[in-house]
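Have a look at the structure below, then the notes.
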Amino acid sequence: MLEEALREINRGSAEVIDSERIEKLLTAYFQEGKTYTVKAGFDPTAPDLHLGHTVLLQKLATFQKYGARVQFLIGDFTATIGDPTGKSATRKVLTPDDIKKNISSYTTQAFKILDESKTDIVYNNDWLEPLGANGMLELASTLTVARMLERDDFSKRYASNTPIAVSEFMYPLLQGYDSVHLKSDIEIGGTDQKFNLLMGRQLQKVYEVQKQQAVLMMPILEGLDGVQKMSKSLNNYIGVTDEPNDMFGKVLSVSDELMWRFYELLSTESLENIESLKSGVADGTLHPKKVKESLALEITTRFHSEEKANFAKAEFDKVHSKSQIPTEIEEYNCDGEVWIAKALVDCKIEPSTSQARRDIKQGAVKIDQVKISDEQLQLSSGEYILQVGKRKFAKLKVN
RNA sequence: GGUGAGAUAGUCAAGUGGCCAACGACGGCAGACUGUAAAUCUGCUCCCUAUGGGUUCAGAGGUUCGACUCCUCUUCUCACCA
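Residues in the first sequence are numbered from 65 upward in steps of one, following our numbering.
Structure, rendered in structure tokens:
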């Protein structure tokens, strides 16, 4: 039991600091039913979560399964400083109202994964604000500038003469102080947070609250391209609020290699099962697509429902395997004869008539499942199913 | 503060008076092949009902029949010196 728990907890992790501590906490839980706390900090700036964010959430859920109380920390105070990401210069200041809105959308999404009854939502403004100037100075005195500059990001910026605001130095300190206040037993975060996470350990020692927290770091999830990290700005993400059809399709479009990564970091499938899936694919008894399909089903079910996931799968098969028309298509109307290129633009499946012409020339455009080649084609009155490529559809009614 | 280099399409990056809507690479889209996977091959990739027209090469002026290319100023970036 203990062994299995440890394996699940370490699963996919990039680095663990003080794993003995984790083992002790778990042992205490299994033997005496003692709970412990796991802290994770969240920035209230990004209300749209994608699967990259859920890696952490799922790790927290795993901890909950093994006796942890999760300290779901909202960095409402620290959000006003801005974590030194190097490009944070233009960070806008959030109003309390924005923050409140972001948080509620954040938590409803998060509780699709986390057990609400084992989660404490805490706001660091509650203790950082009363800390005051004295407290801040005391906190700042625990650390030297040299030590601060050890942080990779800082040293790089310092070396390249990129400005570093003194307030940015406070960020890791404050995040570390959160751990002091909360007396966290374990803190988890992404590998990019290493410095900040370690700061928690250091400060807990200085303030002599208790034993130092253990730290578990999760890798950054790759996006759909399999190379760069999943992020909204790179448009390689699967959002947790994506439509079931999109979500299913996106998961299915990841490469076989990346699929295993997703399995490790996102699936709740046990490690044994994943191993057997892997060997099944390796010796040819299992088709990789089947394996990917069940992953897509699992993920879609998690954020929507089983029913919707199954529907998305059926829809997917219909459109792609049997190349039929999807059940639901956007509908558009227009009057009089329409030039095909214009119609495609009006239906928002082409960005410009130039692009539409090119696609027609290349045979990417179909009307009612039939490829067309005449770029001068006029559509007279009637109903048409327009299609560009494999995935863009529209229904057009010409009056 | 001084000196020098630079700013080109989504990104990187050629182009140094007409052959430039601008080489190439990446990305993206489409086609073939497939498992809408990957890999590979091919085509396309500013806009406009188009063998043509329009608007582009940081911004504003100027020289010229003609400028992304030359000149002036402005803004911003980078390097070296102080």
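Just so you know, even glycine gets a beta-carbon here, dropped at the ideal spot from N, CA and C.
Segment limits, alpha helix (DSSP H) that includes residue i
| i | result |
| --- | --- |
| Ala407 | 404-410 |
| Gly105 | That residue, Gly105, is in no alpha helix (DSSP H); its beta strand (DSSP E) goes 100-106. |
| Glu84 | 83-96 |
| Lys164 | 160-174 |
| Lys425 | 417-425 |
| Arg211 | 209-212 |
Beta-bridge partners of residue i, as assigned by DSSP
| i | result |
| --- | --- |
| Glu193 | None, per the DSSP bridge assignment. |
| Arg133 | Thr101 |
| Val80 | Leu280 |
| Val434 | Ile431 |
Span separating the alpha-carbon of residue i from that of residue j
| i | j | result |
| --- | --- | --- |
| Ile163 | Asp140 | 7 Å |
| Ile284 | Ile363 | 18 Å |
| Lys382 | Thr99 | 49 Å |
| Arg75 | Lys123 | 9 Å |
| Ser334 | Asp161 | 41 Å |
| Lys456 | Leu341 | 33 Å |
| Glu79 | Phe380 | 38 Å |
| Phe312 | Ser331 | 14 Å |
| Ala376 | Glu392 | 11 Å |
| Asp320 | Leu329 | 15 Å |
| Gly446 | Lys435 | 18 Å |
| His117 | Gly240 | 21 Å |
| Pro148 | Glu96 | For Pro148, the pLDDT reaches just 47, beneath the cut-off of 50, and the residue's location in the model is therefore unreliable, leaving the point undetermined. |
Cβ-Cβ separation, residue j to residue i (assumed contact under 8 Å), whole Å
| i | j | result |
| --- | --- | --- |
| Glu86 | Ile250 | Position check: residue 86 holds Ile in this sequence, whereas Glu was assumed. Right, the Cβ-Cβ distance comes to about 6 Å (below 8 Å), so this counts as a contact. |
| Leu408 | Val462 | About 13 Å separates the two Cβ atoms, so there is no contact after all. |
| Gln276 | Arg265 | 4 Å |
| Pro308 | His384 | With 8 Å as the limit, Pro308 and His384 do not qualify as a contact, their Cβ atoms being about 15 Å apart. |
| Met323 | Lys356 | 5 Å |
| Leu288 | Asn300 | 4 Å |
| Asp432 | Tyr448 | 6 Å |
| Gly105 | Asp242 | 7 Å |
| Lys182 | Val134 | 6 Å |
| Thr142 | Asn188 | 6 Å |
Where the beta strand (DSSP E) through residue i begins and ends
| i | result |
| --- | --- |
| Gln451 | 446-452 |
| Ala69 | Premise fails: Ala69 lies in the alpha helix (DSSP H), 66-74, not in any beta strand (DSSP E). |
| Ala458 | 456-462 |
| Asp179 | It is not in any beta strand (DSSP E) - Asp179 carries neither H nor E in the DSSP assignment. |
| Glu395 | 395-398 |
| Asp184 | 183-187 |
> What are the complete alpha helix (DSSP H) segments, minimum 4 residues, inside the segment 316-393?
Replying inline: 320-330, 335-346, 352-367, 370-380
> Residue ranges of each alpha helix (DSSP H) run of no fewer than 4 residues wholly in the segment 231-310, ordered along the chain?
Replying inline: When DSSP assignments are scanned along the segment 231-310, the uninterrupted stretches of alpha helix (DSSP H) that are 4 or more residues long and fall wholly within it turn out to be 258-270.
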